[in-house]
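Notes for the one structure printed next.
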Amino acid sequence: MLTRRSFCAAGVAALAVPARAQVVATLGGGPQTLTVLSDGGFEMPATMLAQGVAPDAVAALVKQPTPYRTVLNVTCLRRGDETILFDCGAGPNFLAGSGKLADSLAAAGIAPDTVTHVVFTHLHPDHFWGALDDFDSPIFPQARWLVAEPEIAFWTDSGVYERLPEDRHAFAAGAQRIAKELGDRLERLKPGAEWLPGIEAIATPGHTPGHTSFAVQAGGEQVVVLGDALTHPEISFRHPDWRPATDHDADLAVATRRRLLERLGADKATIVGYHLPGGVGRVAQDGAGYRFERA
Ligand SMILES: [Zn+2]
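Each residue of the sequence shown is one higher than the one before, counting from 480 in the working numbering.
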């Protein structure tokens with residue numbers, strides 16, 4: 480279908496063996512439990528992880544046969560009577576192998592009508608297209624939907640197509656369709672503020688214009704839900720200056736990664752990455768650079 484075709488032309492593909500729904504990780508317990516839920520995964524050429532870098536240098540770090548297989552991790556924070564999701568997966572219309580969130584929620588014992596908030600890091604398909612069910616109704620009927628003002632402004636602007644390469648036009652068409660269906664339910668908030676009590680929105684632009692990460696409390700510690708600010712467990716940490724093809728503003732994304740690594744390395748905060756294997760870990764200092772220390 481249209482929404483898949485142009486992205487697939489870039490070599491991004493459904494998994495040959497679809498990923499299973501699963502609970503990837505659990506942090507804390509008691510009053511604040513953070514659960515990482517799989518939305519499945521998809522494959523992409525490893526060269527998309529670092530444009531302009533010699534394929535051998537990329538392959539040495541990726542340590543996987545090409546194509547590179549990435550995972551999709553949706554973070555769920557349960558505290559008191561709130562169930563807060565950070566992003567909502569790819570839904571049924573992106574790539575086979577993704578769109579497993581509903582099954583993973585069931586595996587975790589979380590009913591869709593108990594989800595109170597969906598907080599978006601950004602509006603790329605693998606994070607946003609899971610918002611609607613087969614009838615184009617919001618998949619979480621009771622939820623508030625929160626997104627950064629610059630992010631929704633970018634994707635719904637009539638001039639967005641001129642600012643995107645052609646293989647990304649389907650991203651805008653999908654985002655516009657879903658934003659229209661959500662209508663006023665999609666609340667537009669400013670980055671750099673507390674969006675919900677104890678949930679700080681950190682502006683992390685570059686991957687998309689309004690990309691946002693979130694600092695939250697879970698299990699007695701600070702956890703930073705990164706979204707796609709750091710996407711690869713080796714490349715994003717060891718070479719924050721390497722440029723993934725999926726970053727909208729490559730220079731800004733590099734600056735954001737450097738700033739985040741410095742802050743997270745110093746804070747020793749727990750991080751959750753949407754595309755990081757296992758989801759949860761820390762930024763560890765390693766010589767002059769950093770590495771991902773998986774939990
Ligand atoms: Zn993503």
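Note that beta-carbon positions come from the ideal geometry of N, C-alpha and C, so glycine has one too.
{"query": "For L755, count neighbouring C-beta atoms within 10 Å of its own C-beta (all shown protein chains included) and say buried if the count is 16 or more, exposed if not.", "result": "buried"}
{"query": "In terms of residues, what are the limits of the alpha helix (DSSP H) holding W634?", "result": "628-635"}
{"query": "Could you say if the region 537-544 and the region 740-749 meet the contact criterion of at least three C-beta pairs nearer than 8 Å?", "result": "no"}
{"query": "In terms of alpha-carbon separation, which member of N552, L665, T526, A682 lies closest to L513?", "result": "N552"}
{"query": "Where the beta carbon is closer than 6 Å to any heavy atom of ligand 1, which residues qualify, in chain order?", "result": "H603, D605, H606, D707, Y753, H754"}
{"query": "Return the CA-CA distance between A774 and G760, expressed in angstroms with no decimal places.", "result": "4 Å"}
{"query": "Among all the DSSP beta bridges, which residues are the ones paired with S577?", "result": "G519, A575"}
{"query": "Residues in its own chain within less than 8 Å of F607 by CB, not counting five upstream and five downstream?", "result": "D566, C567, F599, H601, G653, A654, I657"}
{"query": "Just curious, the alpha helix (DSSP H) that I657 is in, first and last residue?", "result": "648-661"}
{"query": "So, using beta-carbon positions, are Q621 and D592 closer together than 7 Å?", "result": "yes"}
{"query": "If you scan the region 728-753 from start to end, which runs of the alpha helix (DSSP H) of 4 or more residues do you find wholly inside it?", "result": "729-746"}
{"query": "Can you grab the Cα-Cα spacing for the pair E660 / L574, in whole Å?", "result": "21 Å"}
{"query": "Excluding five sequence neighbours on each side, which residues of the same chain lie with their C-beta closer than 6 Å to the C-beta of T505?", "result": "T514"}
{"query": "Using a threshold of 7 Å, state whether the C-beta atoms of W634 and A610 are closer than that.", "result": "no"}
{"query": "Compare the beta carbon distance of S704 and T554 with 7 Å and say whether it is the shorter of the two.", "result": "Just to set this straight, residue 704 is Val in the shown sequence, not Ser. Taking 7 Å as the Cβ cut-off, V704 and T554 qualify as a contacting pair."}
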